[in-house]
Structure formats: C-alpha cells, structure tokens
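Engineer: Position one of the sequence shown corresponds to residue 276 (my numbering), numbered consecutively onward.
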Amino acid sequence: MSRTEHSFLPRAALGRLLEALCALGYRCAGPQVRDGAIVYAELASVQDLPRGLTDVQAPGSYRLEEGGGERYFAWATGPQALKPFLFAPREVLWRADRGADGRISFRSETAPAARLAVIGVRACDLAALALQDRHFLEGRYVDPYYAARRVGLLLVAVNCSHPAATCFCASTGDGPHARSGYDIALTELDDGYLTHAGSDRGAAILATLALAPASAARVEAGQAQAQHSAAVQSRALPGRNLRDALFAALEHPRWEEVAGRCLSCANCTQVCPTCFCHAELELPDVGGHTTEHQREWDSCFTAGHAWLAGHAVRPDTRTRYRQWLTHKLGSWHEQYGRSGCVGCGRCIAWCPVGIDITEEAQALCTP
Ligand code: SF4
Ligand code: SF4
Numbered sequence: 276m277s278r279t280e281h282s283f284l285p286r287a288a289l290g291r292l293l294e295a296l297c298a299l300g301y302r303c304a305g306p307q308v309r310d311g312a313i314v315y316a317e318l319a320s321v322q323d324l325p326r327g328l329t330d331v332q333a334p335g336s337y338r339l340e341e342g343g344g345e346r347y348f349a350w351a352t353g354p355q356a357l358k359p360f361l362f363a364p365r366e367v368l369w370r371a372d373r374g375a376d377g378r379i380s381f382r383s384e385t386a387p388a389a390r391l392a393v394i395g396v397r398a399c400d401l402a403a404l405a406l407q408d409r410h411f412l413e414g415r416y417v418d419p420y421y422a423a424r425r426v427g428l429l430l431v432a433v434n435c436s437h438p439a440a441t442c443f444c445a446s447t448g449d450g451p452h453a454r455s456g457y458d459i460a461l462t463e464l465d466d467g468y469l470t471h472a473g474s475d476r477g478a479a480i481l482a483t484l485a486l487a488p489a490s491a492a493r494v495e496a497g498q499a500q501a502q503h504s505a506a507v508q509s510r511a512l513p514g515r516n517l518r519d520a521l522f523a524a525l526e527h528p529r530w531e532e533v534a535g536r537c538l539s540c541a542n543c544t545q546v547c548p549t550c551f552c553h554a555e556l557e558l559p560d561v562g563g564h565t566t567e568h569q570r571e572w573d574s575c576f577t578a579g580h581a582w583l584a585g586h587a588v589r590p591d592t593r594t595r596y597r598q599w600l601t602h603k604l605g606s607w608h609e610q611y612g613r614s615g616c617v618g619c620g621r622c623i624a625w626c627p628v629g630i631d632i633t634e635e636a637q638a639l640c641t642p
C-alpha cells in the first residue's frame, strides 16, 4: 500500500492498530471522557474510547450527549490539545544543590525520550503542533524538554466528521481535513476507517495490518464527509492576516467594551493549543540547601506576566485582551509567518462569559 492510497480498517479491527503500536513500544493515548469532557488519556483498549458521544459547544458552553451512533470520534475538540504532552503545564527544568563546602552544583532534569502514540488528533491540533514546533524547536534556541518528547511522538489523526458550532478551522485553512503532520490519518465512516499513511513509519505500521484497499464508494463517502464538515462551519475570522487591521485599531472602543465582559481568568490561553507563555519559579527548600527551578504555563491575562522592572506594562484587562488578540492574530505573522489561531474554537467554548474571538475580531476590523 503506497502513501497516496487509502486502505480500509473495519471498526471491529481498530484494536489491531493499538496492538501494532504497543508492539512497537508506543504508549498509547486517546480520547476518553473525564469530568464530562473528552480529553486525551492513557488508552488501554478501544473500549475506553467515547463511543456514540458527540460534543455540543457554544460560547461559554460545552456538553456531551449521545448522537454519534457507533462512532468513536463523532466529536470535535475537548479542552485539551497536544500541547500538554510536549509543553508540560508544570515541570522542573533544573535543580541546584549547595554542598558541604558551600559550592553550588546544578542538575538538569531533561526528560528521557519516550515513545507516545496519540490517537484521535484533529487537523487544527496538527496545525497548532506545527506552530509550537516552530516556537520550541526552530528558533535560535531549541527547547530540550519539548524536543525530548517530540522525537518519540507518533500521531494518528482522525478527520473531523462532526465539527462543533464553535469551530472555524475552514476559515483559517487548518481543517477540518488533516493534510500534513500526521503518521496515519483515519476517516471514520459508519462501518470503519479509511486509512492513509502520512509518513514512512505510518506506512510501515499500516503494512503490518495487511488491510484491503478502500473501495471507490468509501473514498467518495470520506470526501463528501470532509466537504460537509467544512461547509457546516458558520463561524469565520474576517481574514487570515489581521495584522494591519488590528494595529490600526489600537484605540478602538471595542477593547474597552470587551474588557467590561472579560474576567481576565486566562482560560482562553490555557486551552489554546498554540499559546506558549510561561513563568519560571524558584522553589528553594526551607534549609536553603537545594532549589528547584520550575516552568509553568502562564498567560498574558495575568498581572504578573506583564510585570516588568517594577512596573505593570499592561495594567488592566483592556490592555491584556488587546495584547492577546494583536499578538495571536497580528504579530504572529512577523514571528512565525502566519496567524497564531488555527480555528479550534476552544477559547470560545471555555471562556466562562462566552467571549467569541471571531466576533471580537470582526468588530475590531470595523471602524
Ligand atoms: S485563539 Fe482560540 S480558536 Fe484560535 S487556536 Fe487559540 S483557542 Fe483555538
Ligand atoms: S476572554 Fe474569556 S477566557 Fe479569556 S481571560 Fe477573558 S473571560 Fe477569561
């Protein structure tokens, strides 16, 4: 089976793919229900997948309900993307110890590379991963913590068949169909999966399953499903490069208006798969003999993140919201050659007051 062809994996045989990954030494993670939401967690068997569930999302709202038939992937996005697997929410970067002679020694805490296969990755999350790769791996500084996890990551994408009302990946050009960045892509149909290899190792894994080629009718059904998933998306950003429009609108009254609703809670940045702001903390022991240097996720919405030389450079919610949007949709183009938004819609659903980035961008682009 070449990398350009589709084969067909019957639903009852999905477990064989997990077994093949385990046999190659991969720990598997996949979508599962935790606390009423679909998140990625260690996957022991196909039975752990969220069969028949779909997500209903709206500004400030997320809930799961029946409606996916026999499907395992009839949902759009949970609150978590690939980000926590590579850029840990909190981790120790190094430790320092003071010896009996008073000398201080440092120990790096770089995690050993481990094989991890994530199953069920969405197209928007692959696009977000490519952006995080640019940030953590492709600049002047390569982050060894991210790099150690990235090298062992294998990605099984599943093309979206049930976009949520908050999704707008078609408008950013990042979905709903995965185009690159995966090892294996699955398109879920009612009776199984079209499979497609996106890398040599993905092709080698599929070859071990000895699957039959997909029929023309199934390939057509997959294409129709992809078109439908794009066509039903009702939200959109007003353009793919909003840099000039947003920087021309720095004094727009909408910033004040949205600041009146925004709680500066940082939920949007925590669920965003491309946000990478972090803080670094020093945690010495009581005796002063050792100290732990930690990195943890931070947000441009927190007061501390804008604290510079004894001065709050973004003292209020208006300036913090403006920082987030002008960076995410504007100056990312200068840094990374594209917008920092992949249209996943998470910041809309998980904002406690339902602030909608597409609505705000539209308002700010209107004089
Ligand atoms: S800004 Fe919002 S919609 Fe865009 S990638 Fe981040 S969470 Fe997703
Ligand atoms: S936009 Fe919403 S999620 Fe983001 S900081 Fe404001 S209230 Fe919180």
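Yeah, the Cβ is synthetic: ideal placement off N, Cα and C, and Gly gets one too.
(1) Please report how far the alpha carbon of Trp607 lies from the alpha carbon of Asp310, in whole angstroms.
(2) Give the DSSP bridge partners of Trp607, in chain order.
(3) Tell me which residue opens and which closes the beta strand (DSSP E) that Ala392 is part of.
(4) With a 10 Å radius around its C-beta and 16 neighbouring C-beta atoms as the bar for buried, classify Gly582 as buried or exposed.
(5) Is DSSP giving Met276 helix, strand or coil here?
(6) Does Thr352 come out as helix, strand or coil in the three-state DSSP assignment?
(7) Pull up the distance between the alpha-carbon of Ala644 and that of Ala578, whole angstroms please.
(8) Just checking Ala632 against ligand 1 - is the residue's beta carbon closer than 7 angstroms to any of the ligand's heavy atoms?
(9) With H, G and I counted as helix, E and B as strand and the rest as coil, what does DSSP make of Leu318?
(10) What is the residue span of the alpha helix (DSSP H) that Leu289 lies within?
(11) Hey, Leu368 and Gln569 are a contact pair by Cβ (cut 8 angstroms); roughly how many whole angstroms apart?
(12) Strictly closer than 6 angstroms from CB to any heavy atom of ligand 1: give me those residues in the order they appear in the chain.
(13) For Gly625, which of helix, strand or coil comes out of DSSP?
(14) Tell me whether Cys536 is buried or exposed, calling it buried when 16 or more other Cβ atoms sit within 10 Å of its Cβ.
(15) Can we count Asn542 as close to ligand 2, meaning its CB is less than 7 angstroms from some heavy atom?
(16) By Cβ distance, which residues of its chain are closer than 6 angstroms to Asp418, with the 5 residues on each side in sequence left out?
(17) Looking at the strands, I want to know which residues DSSP matches up with Tyr468.
(18) Taking the continuous alpha helix (DSSP H) assigned at Gln502, which residues delimit it?
(19) Quick one, are the C-beta atoms of Ala356 and Cys619 less than 8 angstroms apart?
(20) Measuring from the CB of Pro334, is there a heavy atom of ligand 2 at a distance below 7 angstroms?
(21) Among Glu571, Thr565, Trp530 and Ala511, which one has its Cα closest to the Cα of Thr594?
(22) In three-state terms, what does DSSP make of Ala375?
(23) Excluding the 5 residues preceding and the 5 following Leu558 in the sequence, name in chain order all residues of the same chain whose CB lies nearer than 7 angstroms to its CB.
(24) Give a single yes or no on whether Cys626 has its beta carbon closer than 7 angstroms to a heavy atom of ligand 2.
(25) CB of Ala539 to nearest heavy atom of ligand 2: below 7 angstroms?
(26) So does the stretch 319-334 actually touch the stretch 496-515, counting three or more Cβ pairs closer than 8 angstroms?
(27) Please state whether DSSP places Glu557 in a helix, a strand or coil.
(28) Thinking C-beta only, is Ser614 closer than 8 angstroms to Arg515?
(29) Compute every distance between the C-beta of Phe381 and the non-hydrogen atoms of ligand 2, then say whether any falls below 7 angstroms.
(30) With respect to the alpha helix (DSSP H) encompassing Ala422, which residues constitute its N-terminal and C-terminal limits?
(31) Beta carbon of Phe576: closer than 7 angstroms to some heavy atom of ligand 2?
(32) Under 8 angstroms by Cβ, that's how I've got Leu428 and Arg302 pegged, so tell me the actual separation to the nearest angstrom.
(33) Provide the residue(s) that pair with Glu567 in DSSP beta bridges, ordered along the chain.
(34) How far does the alpha helix (DSSP H) with Thr592 in it reach, from first residue to last?
(35) Return the chain-ordered list of same chain residues with a C-beta closer than 7 angstroms to the C-beta of Glu571, the five sequence neighbours on each side being excluded.
(36) To the nearest angstrom, how far is it from the Cα of Cys435 to the Cα of Ala479?
Structural biologist: On the basis of the data shown:
(1) 34 angstroms
(2) For Trp607, which the question treats as bridged, DSSP gives no partner whatsoever.
(3) Leu391 to Val396
(4) The sequence given here places Trp at residue 582; Gly does not occur at that position. Its Cβ having fewer than 16 others within 10 Å, Trp582 is exposed.
(5) For Met276, the pLDDT reaches just 46, beneath the cut-off of 50, and the residue's location in the model is therefore unreliable, although a value from the coordinates is still provided. Residue state, collapsed to three classes: coil.
(6) coil
(7) Because the chain in this structure spans residues 276 to 642, residue 644 falls outside the shown range and cannot be described.
(8) The sequence given here has Ile at residue 632, not Ala. Indeed, a heavy atom of ligand 1 lies less than 7 angstroms from the Cβ.
(9) coil
(10) Leu289 to Ala298
(11) 7 angstroms
(12) Val546, Cys547, Pro548, Thr549, Lys603, Cys616, Val617, Gly618, Cys619, Gly620, Arg621, Cys622 and Ile632
(13) The displayed chain sequence assigns Trp, not Gly, to residue 625. Here Trp625 sits in coil by DSSP.
(14) Here the sequence assigns Arg to residue 536, which means Cys is not the residue at that position. So Arg536 counts as exposed.
(15) yes
(16) Phe411
(17) Leu284 and Glu463
(18) Ala491 to Ala506
(19) yes
(20) no
(21) Trp530
(22) coil
(23) Thr566, Glu567 and Gln569
(24) yes
(25) For clarity, residue 539 is Ser in the given sequence; the question names Ala instead. Checking the Cβ of Ser539 against ligand 2 gives yes.
(26) no
(27) strand
(28) yes
(29) no
(30) Pro419 to Arg425
(31) yes
(32) In fact, because the Cβ distance is near 11 angstroms, the residues do not count as touching under 8 angstroms.
(33) Arg370 and Leu558
(34) Thr592 to Thr601
(35) Pro364, Arg365, His553, Ala554 and Leu556
(36) 24 angstroms
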